[in-house]
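Encoded as structure tokens, the structure appears first; notes follow it.
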Amino acid sequence: DIGGRLIFGTSTVKQVRNSHSFIKDMDDEYQLYHESGSFVRFLVSWTSSYSLLSKRIAQLARDIAQAGFWKSKEVNIMDAWLADLHSVGYSFPSIISPSSPLIIQKRAAVCVTGFAECIQEAWIPTYTNIRQRLHGELDIFLFLSSSLQQGPVPLNTRLKQVRSYMNSTVTILYEDRFIDPGIPSNCYPRFQLPRHATFSVPAYFQQLWSLNECYDLVKDYEKRFNIQYQLLIRARVDTIAKMPLTFERQGIFNINTTILVPPHRYFSGIDDGFALGPIELMSHYMKRWYSFRQCPSDRNFHPETYLKKYLARFTNITIDLNMSGAADAIPHHRERCH
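Count the sequence shown with the numbering used here and you get residues 65 to 402, in order.
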């Protein structure tokens with residue numbers, strides 16, 4: 065409000081604690097350990113219409129108490145502090161009217177999804193390949209599940225590799241949860257194709273949910289930091305996708321006007337392991353999770369064939385024979401990263 069900065073510092077008081085006083089302090093500081101996140105979210109969303117800083121401070125104190133973070137005693141102390149400042153003739157700084165923020169243009173946001181694994185083996189070379197083929201600044205959003213407990217590489221090692229990866233703009237590690245796509249009860253959906261490899265339907269739901277969440281994360285990041293991405297890239301953390309020599313092309317392969325997708329190797333569908341295109345068009349790709357609430361006439365929810373039909377209804381897609389996706393995922397093996 066006044067163009068200043070808020071600084072947090074450690075206490076200068078030396079404390080001597082034993083096990084009994086430490087437990088008592090933990091009890092006294094329960095709110096600090098358990099409500100910090102919700103308090104920060106409250107402060108971020110708080111606004112005031114008052115034009116004077118002193119009135120805003122008083123209003124904030126009351127709103128904090130009303131939200132349950134303070135008691136009335138803290139409000140009274142704040143009122144007394146403001147009164148003391150007025151009594152000594154203190155002049156509060158003026159409120160600075162916010163100026164229109166400058167929008168920062170960036171070339172692409174990259175949504176990387178899957179389990180927390182294969183960072184070194186698959187994602188790092190994939191990132192290098194993208195950088196060599198696409199001009200402009202990229203932001204990387206890792207949105208990875210930490211729920212794969214078993215495998216040749218211990219979970220703690222895989223999580224450490226993800227956390228130590230320094231080229232990501234945002235890293236989210238989440239646990240799988242029960243999710244319901246809302247398919248109508250009278251739909252009787254078909255997920256598998258006859259005479260083709262089967263797959264886990266719950267894992268399919270988790271994949272679509274994570275794509276939706278990662279897209280929302282990117283759009284929220286745009287809003288909070290006044291950024292505008294031109295493109296969005298969907299990538300899997302465990303896949304080294306085949307790519308053309310460059311993504312900077314014209315005509316039907318112009319990534320500024322169409323979504324580029326790889327073909328499926330075994331039937332007429334789209335490999336859903338890699339895609340890129342204008343960020344607004346990519347919303348149809350990334351947020352198709354919500355489309356399951358409507359039953360298609362053929363009841364076909366098979367991942368690759370459903371994706372192809374769904375995208376064709378809403379946007380431009382171009383199948384690039386020089387690209388691949390999930391078909392080039394690193395094979396599962398006891399000597400591999402998964």
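A virtual CB, placed ideally from N, CA and C, is assigned to each residue, including glycine.
Nearest to residue i by alpha carbon, out of the options?
{"i": "residue 180", "options": "106, 197, 266 and 274", "result": "274"}
{"i": "residue 279", "options": "264, 298 and 262", "result": "298"}
{"i": "residue 256", "options": "116, 317, 125 and 369", "result": "369"}
{"i": "residue 392", "options": "342, 351, 326 and 353", "result": "326"}
{"i": "residue 294", "options": "115, 94, 154 and 168", "result": "168"}
{"i": "residue 146", "options": "121, 161 and 133", "result": "121"}
{"i": "residue 340", "options": "175, 361 and 216", "result": "175"}
{"i": "residue 131", "options": "107, 152 and 117", "result": "107"}
{"i": "residue 303", "options": "228, 214 and 188", "result": "188"}
Could you tell me the distance, in whole angstroms, from the CA atom of residue i to the CA atom of residue j?
{"i": "residue 367", "j": "residue 267", "result": "11 Å"}
{"i": "residue 317", "j": "residue 324", "result": "7 Å"}
{"i": "residue 251", "j": "residue 363", "result": "7 Å"}
{"i": "residue 387", "j": "residue 221", "result": "31 Å"}
{"i": "residue 20", "j": "residue 127", "result": "This structure cannot settle anything about residue 20, because the visible part of the chain is limited to 65 through 402."}
{"i": "residue 110", "j": "residue 101", "result": "14 Å"}
{"i": "residue 374", "j": "residue 210", "result": "30 Å"}
{"i": "residue 360", "j": "residue 321", "result": "27 Å"}
{"i": "residue 258", "j": "residue 264", "result": "15 Å"}
{"i": "residue 285", "j": "residue 152", "result": "44 Å"}
{"i": "residue 353", "j": "residue 385", "result": "26 Å"}
Give the DSSP-derived three-state secondary structure of residue i in the structure shown.
{"i": "residue 317", "result": "helix"}
{"i": "residue 166", "result": "coil"}
{"i": "residue 209", "result": "strand"}
{"i": "residue 364", "result": "strand"}
{"i": "residue 338", "result": "strand"}
{"i": "residue 374", "result": "helix"}
Assign residue i to one of two classes, buried (16 or more other C-beta atoms within 10 Å of its C-beta) or exposed (fewer than that).
{"i": "residue 172", "result": "buried"}
{"i": "residue 150", "result": "exposed"}
{"i": "residue 334", "result": "buried"}
{"i": "residue 232", "result": "buried"}
{"i": "residue 305", "result": "buried"}
{"i": "residue 177", "result": "buried"}
{"i": "residue 190", "result": "buried"}
{"i": "residue 378", "result": "exposed"}
Looking only at its own chain, which residues have a Cβ that is under 7 Å from the Cβ of residue i, when we skip the five neighbours before and after it?
{"i": "residue 246", "result": "356 and 357"}
Looking only at its chain, what residues have a beta carbon closer than 8 Å to the beta carbon of residue i, apart from the 5 residues adjacent to it on each side?
{"i": "residue 243", "result": "269, 270 and 273"}
{"i": "residue 105", "result": "none"}
With a threshold of 6 Å on Cβ separation, who are the neighbours of residue i within its own chain once the five nearest residues in sequence on each side are excluded?
{"i": "residue 311", "result": "197, 198 and 319"}
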